[in-house]
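In the working numbering, the protein residues as written are 5 to 315. Quick reminder that beta carbons are idealized off the backbone N, C-alpha and C, glycines included.
Written out as structure tokens, the structure is:
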């Protein structure tokens with residue numbers, strides 16, 4: 005029974021990843037490419053290649069070839085391993101891009117159902133679709149490769165953060181559209197609009213209600229609250245010593261870290277125990293350790309590692 009349940013869970017994961025890849029495909033082949041727009045990432049580069057070659061090299065071809073090249077280079081030179089889910093997502097997207105490129109009735113152009121009169125809305129819609137697609141794929145352990153692989157390879161040997169690498173590659177790709185005949189500054193702006201809408205949605209899709217928050221609880225019933233959180237919710241509690249400057253009296257303040265979806269339970273408890281309690285809730289960029297995400301060590305440059313060994 006457990007084996008059947010596990011297989012069912014894996015099948016659902018692959019179904020969700022497939023749906024996510026289709027969302028990304030729709031964003032590009034239905035909205036961005038038919039309107040001559042580009043953005044960041046490998047798909048942005050593939051779109052630029054398609055425009056530069058007058059459609060001789062369509063996005064699905066360059067996407068597959070570049071991804072295969074990056075994976076082979078990464079494995080041969082750096083030994084980076086790629087899970088089957090990543091390879092699956094790359095393969096499915098290459099096929100989906102080819103399929104959707106031939107479905108003219110799905111293109112957001114005049115006369116078709118998906119046509120958007122306000123041109124500025126096209127990259128906004130595409131950005132949201134790509135964020136949903138990438139987010140679903142990431143949540144199930146997949147990846148569409150591309151600039152992710154480039155960033156990982158660079159980060160492995162040079163102390164450059166992944167976010168900075170993504171920014172650099174996206175900036176170069178988006179700006180490159182200006183070198184194509186007939187393209188103007190506005191075409192580059194559309195790329196940044198898509199990236200902005202993508203950035204606004206991706207965290208919500210990937211993290212959702214699993215995001216972590218930090219709570220500070222000021223209450224005379226702090227002991228009862230702390231006991232409940234430790235025993236019932238199985239979360240840790242840190243007690244901070246503080247002084248209320250109005251009363252000049254020492255107080256115990258509870259510092260809590262938990263998932264966002266656990267906050268309502270704590271709020272209800274605090275209200276029942278102490279209506280005069282004071283609580284602040286702040287989102288945190290990341291929480292690593294037991295009960296949250298795994299602690300990941302940063303990658304340093306190869307030269308630095310070699311120097312450390314010699315010393």
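Handout entry: With 16 other Cβ atoms within 10 Å as the buried cut-off, status of residue 121
Key = Exposed, by the Cβ-count rule.
Practice task
Pick out whichever of 209, 147, 59 has its Cα sitting closest to the Cα of residue 133.
Solution key: The shortest C-alpha separation from residue 133 is found at 209.
Problem - Touch test, the region 113-131 against the region 141-151, Cβ-Cβ under 8 Å, three pairs minimum - result: Counting C-beta pairs closer than 8 Å gives fewer than three between the region 113-131 and the region 141-151, which falls short of the contact rule.
Problem - Complete beta strand (DSSP E) runs within the region 50-87 (minimum length 3 residues, chain order) - result: Listed in chain order, nothing qualifies, since the region 50-87 has no complete beta strand (DSSP E) run of 3 or more residues.
Exercise for the section: Output yes or no for whether 9 Å exceeds the beta carbon distance between residue 26 and residue 148. Expected result: No, these two residues do not count as a Cβ contact at 9 Å.
Problem - Where residue 97 falls: helix, strand or coil (DSSP) - result: Residue 97 falls in the helix class under three-state DSSP.
Handout entry: Rounded C-alpha distance that separates residue 137 from residue 185
Key = Those two C-alpha atoms are separated by around 31 Å.
Handout entry: Cα-Cα separation, residue 89 to residue 20
Key = Whole-angstrom Cα-Cα distance: 12 Å.
Problem - residue 307, DSSP secondary structure in three states - result: With a pLDDT of 45 at residue 307, under the threshold of 50, the modelled position of this residue cannot be trusted, and the question is left open.
Problem - Backbone CA spacing between residue 253 and residue 271 [nearest angstrom] - result: In this structure, the CA atom of residue 253 is about 25 Å from the CA atom of residue 271.
Practice task
Please list the segments of the alpha helix (DSSP H) lying wholly inside the region 187-250, counting only runs of 4 or more residues, in order along the chain.
Solution key: Segments of the alpha helix (DSSP H) lying fully in the region 187-250: 189-211, 226-235.
Practice task
Determine, using beta-carbon pairs with one atom in the region 196-208 and one in the region 259-269, whether at least three such pairs fall under 8 Å.
Solution key: In short, these stretches do not touch, since the Cβ pair count stays below three.
Exercise for the section: Give the straight-line distance between the Cα atoms of residue 310 and residue 158, rounded to the nearest whole angstrom. Expected result: For residue 310, the predicted model reports a pLDDT of 47, less than 50, meaning its position is unreliable and no value from the coordinates is stated.
Exercise for the section: Please confirm if the region 34-46 is in contact with the region 8-18, defined as three or more CB-CB distances below 8 Å between the two stretches. Expected result: Using a C-beta cut-off of 8 Å, the region 34-46 makes no contact with the region 8-18, since fewer than three inter-stretch Cβ pairs fall below that distance.
Handout entry: Which of helix, strand or coil DSSP assigns to residue 300
Key = Confidence at residue 300 is low in this model, with a pLDDT of 49, below 50, so its placement is unreliable and the value that follows should be read with caution. Three-state DSSP puts residue 300 in coil, outside helix and strand.
Exercise for the section: Specify, as a first and last residue, the run of the beta strand (DSSP E) that residue 255 falls within. Expected result: Per DSSP, residue 255 belongs to the beta strand (DSSP E) from 253-263.
Practice task
Given a cut-off of 9 Å, decide if residue 227 and residue 274 are closer than it, judged by their beta-carbon atoms.
Solution key: Their beta carbons are not under 9 Å apart, which means residue 274 does not touch residue 227 by this criterion.
Exercise for the section: Taking residue 287 as part of the beta strand (DSSP E), name the residues at either end of that continuous run. Expected result: Here the beta strand (DSSP E) through residue 287 covers 282-287.
Problem - At least 3 beta-carbon pairs within less than 8 Å: the region 172-186 vs the region 101-112 - result: Not touching, per the Cβ criterion.
Exercise for the section: Excluding the 5 residues preceding and the 5 following residue 93 in the sequence, name in chain order all residues of the same chain whose CB lies nearer than 7 Å to its CB. Expected result: Closer than 7 Å at the Cβ level, and outside the excluded window around residue 93, lie 21, 25, 141, 146, 147, 148.
Handout entry: Under the three-state DSSP convention, the category residue 271 falls into
Key = DSSP places residue 271 in helix when its eight states are reduced to three.
Exercise for the section: Check residue 116 in the structure and name its three-state DSSP category. Expected result: Secondary structure at residue 116: coil, using DSSP grouped into helix, strand and coil.
Practice task
Out of 235, 240, 246, point me to the one whose CA is closest to residue 218's CA.
Solution key: Cα-wise, what sits closest to residue 218 is 240.
Problem - Three-way DSSP call (helix, strand, coil) for residue 124 in this model - result: Three-state DSSP puts residue 124 in coil, outside helix and strand.
Exercise for the section: List the whole-angstrom C-beta distance separating residue 101 from residue 151, where the pair is believed to meet the contact cut-off of C-beta under 8 Å. Expected result: Not really, about 16 Å apart at Cβ, beyond 8 Å.
Practice task
Please work out which residues of its chain come closer than 8 Å, Cβ to Cβ, to residue 118, disregarding the five sequence neighbours upstream and downstream, and give them in chain order.
Solution key: Excluding residues up to 5 positions away in sequence, 34, 35, 110, 111, 112 lie with their Cβ nearer than 8 Å to the Cβ of residue 118 in the same chain.
Exercise for the section: Return the CA-CA distance between residue 57 and residue 266, expressed in angstroms with no decimal places. Expected result: So the two alpha carbons sit approximately 53 Å from each other.
Practice task
Measure the C-alpha to C-alpha separation of residue 308 and residue 188 and round it to an integer number of angstroms.
Solution key: With a pLDDT of 46 at residue 308, under the threshold of 50, the modelled position of that residue is not reliable, and no figure is offered here.
Problem - Anticipated Cβ contact below 8 Å, residue 96 with residue 63, distance rounded - result: Going by Cβ atoms, the distance from residue 96 to residue 63 rounds to 15 Å, so no, they are not a contact pair.
Problem - Contact set for residue 42: own chain, Cβ-Cβ below 6 Å, skip 5 residues either direction - result: Non-local beta-carbon contacts of residue 42 in its own chain, meaning distances under 6 Å to residues more than five positions away in sequence, involve 48, 51, 52, 181, 195 in chain order.
Problem - Cβ separation of residue 91 and residue 153, assumed to be a contact under 8 Å, to the nearest whole Å - result: Not confirmed; about 12 Å, so no contact.
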